[in-house]
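S.K.: Before I ask anything, here is the structure I am working with.
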Amino acid sequence: MEWGKRLLCIFSLLLSVNLFLLQQSGAALVENDKQALLDFAEKIRHLRSLNWDFNSSACKNWTGVTCNEDGSRVIALRLPGFGFNGPFPANTISRLSALQILSLRSNGITGTFPLDLGNLKNLSYLYLQYNNFSGPLPLDFSVWPNLTSVNLSNNRFSGIIPSSISNLKQLSVLNLANNSLSGEVPDLHLPNLQLLNLSNNNLSGTVPKSLQRFPKSVFIGNNMSLLDYSISGSPVISLPQEPNLKSKNTGKLSEKALLGIIIAGCILGLLGFGFLFLVCLLKRKTENAFPGKMEKGDMSPEKAISRSQDANNRLVFFEGCNFAFDLEDLLRASAEVLGKGTFGIAYKAILEDSTMVVVKRLKEVGVGKKEFEQQMEVVGSLKHENVIELRAYYYSKDEKLMVYDFYSQGSVAGMLHAGKRGEDRTPLDWDTRLRIAIGAARGIARIHIENGGKLVHGNVKSSNIFLNPQQYGCVSDSGLSSVMSSLAPPIARAAGYRAPEVMDTRKATQASDVYSFGVLLLELLTGKSPVHTTSGDEIIHLVRWVHSVVREEWTAEVFDMELLRYPNIEEELVEMLQIAMACVSRTPDQRPKMTEVVKMIENIRPTPTTDSQNRSSAELKSENLDGTFHSRQMHCCEE
5 MEWGKRLLCI FSLLLSVNLF LLQQSGAALV ENDKQALLDF AEKIRHLRSL NWDFNSSACK
65 NWTGVTCNED GSRVIALRLP GFGFNGPFPA NTISRLSALQ ILSLRSNGIT GTFPLDLGNL
125 KNLSYLYLQY NNFSGPLPLD FSVWPNLTSV NLSNNRFSGI IPSSISNLKQ LSVLNLANNS
185 LSGEVPDLHL PNLQLLNLSN NNLSGTVPKS LQRFPKSVFI GNNMSLLDYS ISGSPVISLP
245 QEPNLKSKNT GKLSEKALLG IIIAGCILGL LGFGFLFLVC LLKRKTENAF PGKMEKGDMS
305 PEKAISRSQD ANNRLVFFEG CNFAFDLEDL LRASAEVLGK GTFGIAYKAI LEDSTMVVVK
365 RLKEVGVGKK EFEQQMEVVG SLKHENVIEL RAYYYSKDEK LMVYDFYSQG SVAGMLHAGK
425 RGEDRTPLDW DTRLRIAIGA ARGIARIHIE NGGKLVHGNV KSSNIFLNPQ QYGCVSDSGL
485 SSVMSSLAPP IARAAGYRAP EVMDTRKATQ ASDVYSFGVL LLELLTGKSP VHTTSGDEII
545 HLVRWVHSVV REEWTAEVFD MELLRYPNIE EELVEMLQIA MACVSRTPDQ RPKMTEVVKM
605 IENIRPTPTT DSQNRSSAEL KSENLDGTFH SRQMHCCEE
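Numbering (my numbering), first residue to last: 5 to 643.
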């Protein structure tokens, strides 16, 4: 019994020692992987910054890096569209011996295929498409026995297609399209191959028998003989034209046969009409769908690029953005519609790595590519805590996309009005509304000084205001009005934000931004939408309604009932109302500048607290609140 205890203790000790040694070994291995990645980043030029730092955890914090479950090795590196330029640095990534996924697509890497990647024996997925690689492909693909998916398309690779690819028995995807490969296509016996693309090269000869199960389209754009190759992928079999033997009675049709043909024709006609109707219906349904899986549309990334007639258009990221995805990832993302606005449709896109972004699909852009890109550079360079940054954009003939951070709390419009439609929500207290107003004002004021004081927001409304991490208002959709053909007629509630002069000119100005912001303040004060209906279906415009209430008699009716529950804020409500009414003056010249608006709102409460009841008693005593709602003169409220 004593020996058994001793053996158990020895076994436990050995186990602990082994676990300790394994942990130390794993820590050493991941440190080696970190150094290999840092060497790679140091030796290759890149336009976008990487948040890689040796003192932080590569497995938890580094953009594009994925480790195994115990954090001992790097197993995936995804850095598409990071603006890498120049030759692939040797002896860097090739040291990541546990690497299974390597994605460096949509960059500008030059030089020949990095042969030292042959050290990555565990590599399963290799994505190097849309770079500037040149020279021959590696002759021996068998050094990567686990390869499942290979995409080397849209480079400048030349030479032959190595027959060693036949050794990759697990290969399911092979894309070598849009290169300069030549010679005959080898007879690749790949039983698991499901997707193949060899189009647009300089290949010659005929399609080998092992690949004749693939459609003709995967071989087009070469010098190959496809005359005896069907569209479906099967060889064409030409049947001899035999004489049409008929019996003596086949020259005429019987009445029954004729009647049957007529009935069958009618049925086919009805079926055809029904099919066309269904196609039209589906087309209308997907007309506003985002490409790919956004709305379960039928436009794959390949179709989107071909439709744009410019395969070189790529997602353009701004400095400091560490998103590790490209256009292909974005188009394949699952998403939901957040809303349809004046400038287009907004989607929440969820990428494969669970990154969530907001994608805005613009409509009716009225400028060319150069002017669009110039405006995006202005907007993308705008960095302010109260302005939602433009992270990336995409421009092609058919698609103009904007990418922003996703704010999980939703817009101010949702916070104010969602619960009134029967949905659950937490009522916005006065402190929150005050922080929204201050933050939004600061953000718009910052926009107005950009580009030499010429930048206009053009679409200020509560659905474009969000809460930043400090819970202050944060403005989205900056500067898009200048690239639209003209301000489209506003939809539904958005009409109430338009300044009177914009309704005629369809051109936004900084003064019209001030008007729209004034409507936003009224929305925060009243809890009502800019355009809403009463129980009797009467259409009410918020600005006119507030003017009418103020003219008749100054009462508390103008304020949101939810706000009247909070004590000692009446004076602040009145001051904010004065500011709002000054902003919505009918004459643009009489409206204050946004910098002035910021100062006025900040003076309402110089240091906003989290609870209005926490203010000092001395401050409260200094306020003369008696008769506030009935006797306060509102000289600035005259329309």
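Heads up, the beta-carbon is just placed ideally off N, CA and C, and yes, glycines get one too.
When you compare the CB positions of residue 333 and residue 368, do they come within less than 8 Å of one another, or not?
M.R.: No, these two residues do not count as a Cβ contact at 8 Å.
S.K.: How close, in whole Å, do the beta carbons of residue 325 and residue 395 come, if the pair is a contact with beta carbons under 8 Å?
M.R.: With 8 Å as the limit, residue 325 and residue 395 qualify as a contact, their Cβ atoms being about 5 Å apart.
S.K.: Over what stretch of residues does the alpha helix (DSSP H) that includes residue 519 continue unbroken?
M.R.: First-last of the alpha helix (DSSP H) with residue 519: 514-530.
S.K.: Using 8 Å as the threshold, is the C-beta distance between residue 121 and residue 153 below it?
M.R.: No, Cβ-Cβ distance for residue 121 and residue 153 is not below 8 Å.
S.K.: Let me know if residue 585 comes out buried or exposed under the rule of 16 or more other beta-carbons within 10 Å of its beta-carbon.
M.R.: The residue in question, residue 585, is buried, as its Cβ has 16 or more Cβ neighbours within 10 Å.
S.K.: State the Cα-Cα distance for the pair residue 323 and residue 365, rounded to the nearest angstrom.
M.R.: Cα to Cα, the separation comes out at about 22 Å.
S.K.: With residue 587 as the anchor, note down where its beta strand (DSSP E) starts and where it stops.
M.R.: Premise fails: residue 587 lies in the alpha helix (DSSP H), 574-587, not in any beta strand (DSSP E).
S.K.: Rank 92, 127, 157 by C-alpha distance to the C-alpha of residue 147 and give the top, closest one.
M.R.: Comparing Cα-Cα distances from residue 147 to each of 92, 127, 157, the minimum goes to 127.
S.K.: Within 10 angstroms of its Cβ, does residue 562 collect 16 or more other Cβ (buried), or is it exposed?
M.R.: Buried, by the Cβ-count rule.
S.K.: Please classify residue 135: does DSSP put it in a helix, a strand, or coil?
M.R.: Three-state DSSP puts residue 135 in coil, outside helix and strand.
S.K.: For residue 253, which residues of its own chain have a beta-carbon under 6 Å away from its beta-carbon, when the five flanking residues on both sides are left out?
M.R.: Caution applies to residue 253, whose pLDDT of 41 falls short of 50 and renders its modelled position unreliable; the value that the coordinates give is listed next. Closer than 6 Å at Cβ, skipping near neighbours: no residue.
S.K.: From residue 453 to residue 601, what distance separates their C-alpha atoms?
M.R.: Their Cα atoms are separated by approximately 14 Å.
S.K.: Of the residues 162, 547, 338, 476, which one's Cα is nearest the Cα of residue 137?
M.R.: The shortest Cα separation from residue 137 among 162, 547, 338, 476 belongs to 162.
S.K.: DSSP on residue 94, reduced to helix/strand/coil?
M.R.: In this structure, residue 94 counts as coil in the three-state DSSP scheme.
S.K.: Does the stretch 572-591 come into contact with the stretch 507-514, if we say contact requires no fewer than three beta-carbon pairs (one atom in each stretch) closer than 8 Å?
M.R.: Touching, no, given that fewer than three Cβ pairs across the two stretches are closer than 8 Å.
S.K.: As an exercise, report each continuous beta strand (DSSP E) stretch of at least 3 residues that is fully enclosed by the stretch 428-464, in chain order.
M.R.: Counting only runs of 3 or more, we get nothing.
S.K.: Please report the distance separating the alpha-carbon of residue 404 from that of residue 397.
M.R.: Each residue's Cα considered, the two are about 7 Å apart.
S.K.: Going straight from the alpha carbon of residue 237 to that of residue 159, what length do you get?
M.R.: In this predicted model, residue 237 has a pLDDT of only 41, less than 50, meaning its place in the structure is not dependable; the value taken from the coordinates is given anyway. Taking the straight line from one Cα to the other gives about 26 Å.
S.K.: Measuring CA to CA, which of 432, 546, 469, 106 is closest to residue 443?
M.R.: It is 469.
S.K.: Kindly identify the DSSP beta-bridge partner or partners of residue 115.
M.R.: According to DSSP, which records beta bridges pairwise, residue 115 is partnered with 137.
S.K.: Could you check where the beta strand (DSSP E) with residue 599 kicks off and where it finishes?
M.R.: Note, residue 599: premise wrong, no beta strand (DSSP E); alpha helix (DSSP H) at 598-608.
S.K.: Provide the residue span of the alpha helix (DSSP H) that contains residue 70, from first to last.
M.R.: Where residue 70 is concerned, there is no enclosing alpha helix (DSSP H), although the beta strand (DSSP E) it sits in stretches over 69-71.
S.K.: Look up residue 27 in the DSSP assignment and say whether it is helix, strand or coil.
M.R.: Low local confidence applies: a pLDDT of 47 at residue 27 is under 50, so the model's placement there is unreliable, with the coordinate-based value given in what follows. Three-state result, residue 27: helix.
S.K.: Mind checking whether residue 386 and residue 362 have CB atoms under 8 Å apart?
M.R.: For residue 386 and residue 362, no; Cβs fall outside 8 Å.
S.K.: Put residue 105 into one of helix, strand or coil per three-state DSSP.
M.R.: Residue 105: strand per DSSP, three-state reduction.
S.K.: Look at the alpha carbon of residue 225 and the alpha carbon of residue 411, and state the distance between them as a whole number of angstroms.
M.R.: Rounded to the nearest angstrom, the two C-alpha atoms are 45 Å apart.
S.K.: Assign residue 162 to one of three DSSP states: helix, strand, or coil.
M.R.: The answer is strand: DSSP assigns residue 162 an E or B state.
S.K.: At least one CB of chain C closer than 8 Å to the CB of residue 597: is that the case?
M.R.: No chain C is present in this structure, which holds just one protein chain.
S.K.: For residue 470, which three-state DSSP category applies?
M.R.: It is a strand residue.
S.K.: Spatial neighbours of residue 195 within its chain, please: C-beta separation below 8 Å, excluding the five flanking residues on both sides.
M.R.: 173.
S.K.: Can you check DSSP and say which residues form a bridge with residue 350?
M.R.: DSSP, once it has assigned bridges, lists 343, 364 as partnering residue 350.
S.K.: Using a Cβ-Cβ cutoff of less than 6 Å, which residues in the same chain neighbour residue 522 once the five nearest sequence positions on both sides are dropped?
M.R.: 584, 587, 588, listed in sequence order.
S.K.: Would residue 607 pass as a contact of residue 476 if the rule is Cβ separation under 8 Å?
M.R.: It is not a contact, given that the beta carbons lie outside the stated cut-off.
S.K.: Are residue 438 and residue 609 touching if we call contact CB-CB under 8 Å?
M.R.: For residue 438 and residue 609, yes; Cβs fall inside 8 Å.
S.K.: Sort 227, 488, 78 by Cα distance to residue 372 and report the nearest one.
M.R.: Nearest option by C-alpha distance: 488.
S.K.: Does the beta-carbon distance from residue 457 to residue 388 come in below 8 Å?
M.R.: Contact: no.
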